[in-house]
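The block underneath contains the structure these notes are about, expressed in structure tokens.
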Amino acid sequence: MSEVDRRLSEGSEQRFLDLYAHLLVYVNDRFEVIEEIETVADLEQHYTDELLPLRNTLYNESTTDLIEDFVEKNPPDLPEADLEQIAAWTDFVAGEFVVVRYREDDAIFLDWTEPPKAYAVRPARLPFAELWDESALPVPVSSVVLLPFEDQIVYDGWIGVKNIIFGGSLSTDIDDEYEEAKHRFGIIDSLPVPEEDEKTDAEELRFYMKNKRNRERYASEIEQLREKTDELERIYHQEMGKARARSLGRELRELGLNEAYVAIYDDRIITSAPSESEVRKLLEEIMPAGKTDHPYIYHFDP
């Protein structure tokens, strides 16, 4: 089984489809969307596309009230465990997403409205491989409903693929939003959506300094943070030095230099020596008071 074919287990998938069918039959009974459907057996005689108006009614009306009324009345006489599962669907998330990654057991659906969130989603009905090839990602999708199910997140089988081709700056924006979503919430693998992780100023600053795109995007936030404390100012210079070191190693190798320790202050090399202890001693002599630990010491080992 390939990465994109992984679905819920057969038993879990059937349970989900059965419970969802009972809910849709209840909605049809309330709003008479499809005249010939009165039971789950009737519903199962229809193709998925034919049931779309019924599914849309569930989410166009007062969804929470419908679910809560179904659980209270329990017309199909479901056991308590099943009612608890259906009651959890009041924590549904509906909208437009961008499918940005496949993982071993799920796909990552990115909601890039503010604040961005990334959901780990399992298929129930169609495997993702039947919708699009992994090489086509990222793919914008619409009319998606994510539901909590057995401590996971599933989508209910209906999904619209928008005719948009991502490229250039738009793909970069998606990557940026995905990184921010992971930073703020992690990968969300259960519903309801958790509260945003509270980050320290140091964690925020390191995220903003992570790469060139972040440094440009969050330039004002970086300036505000680095001015708050001496420690944040030190972190700022350390992260700037690390960024410079990524390209410096290649440059030094091209010069054919031997192993050395190099002190980088922002993007400038300010001193170097054969050993780290020698570099630190030199920094004590040349750096302003209180800033000897601001430069980043890069170990160049060709």
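Residue numbering for the sequence shown follows my numbering, beginning at 710 and increasing consecutively. All C-beta atoms, glycine included, are put in the ideal place defined by N, C-alpha and C. Remember, it's a predicted structure, so these values are computed and weren't measured experimentally.
Cβ pair residue i, residue j closer than 8 Å
i	j	result
W867	L957	no
Y945	M918	yes
L775	N737	no
D898	L934	no
V848	D865	no
R953	D976	yes
F806	V850	yes
A972	I979	yes
G999	D939	yes
I1014	A827	Not covered by the structure: residue 1014. The range shown for the chain is 710 to 1011.
A890	L819	yes
L717	A833	yes
L941	L966	no
K937	Y1005	no
S721	E859	yes
Y811	E843	yes
G869	S880	no
Per-residue DSSP class, three states only, for residue i
i	result
N967	coil
E745	coil
F801	coil
G950	helix
D910	helix
F725	helix
S851	strand
G958	helix
V902	coil
H1059	Nothing can be reported for residue 1059: it is not among the residues displayed for the chain, which extend from 710 to 1011.
R810	strand
L992	helix
K782	helix
D820	strand
Y756	coil
A928	helix
K919	coil
A827	strand
K717	A quick correction: the sequence has Leu, not Lys, at residue 717. In the structure shown, L717 sits in coil (DSSP, three-state: anything other than H, G, I, E or B).
R893	helix
R739	helix
L761	helix
R977	strand
I868	coil
A972	strand
L856	strand
A833	coil
A982	strand
A998	coil
E888	helix
Own chain residues within Cβ distance below 6 Å of residue i, not counting five before or after
i	result
F916	H892
Q861	R831
I931	Y917
A816	V808, V830 and F837
A796	V780
D1010	E968
Residues of its chain near residue i, where Cβ-Cβ distance is below 8 Å and the 5 sequence neighbours each way are ignored
i	result
N923	D885, E888, F916 and Y917
V988	Y970, V971, A972, T980, S981, A982 and I1006
L900	A797, D800, F801, V802, L855, L856, P857 and I862
D758	none
N920	A952
Anticipated Cβ contact below 8 Å, residue i with residue j, distance rounded
i	j	result
F801	T766	Not really, about 14 Å apart at Cβ, beyond 8 Å.
W798	L856	5 Å
Neighbour-count burial assignment, residue i, 16 or more Cβ in a 10 Å radius
i	result
E948	buried
I995	exposed
P825	buried
H731	buried
L964	exposed
Y927	buried
Y974	buried
M710	At M710 the pLDDT is 41, less than 50, meaning the model places this residue with poor confidence and gives no usable figure here.
7 Å Cβ shell around residue i - same chain, five flanking residues per side excluded
i	result
N734	Contrary to the premise, residue 734 reads as Val rather than Asn in this sequence. I746, T748, V749 and L752.
R943	D1002 and H1003
Y729	D865
S984	Y970
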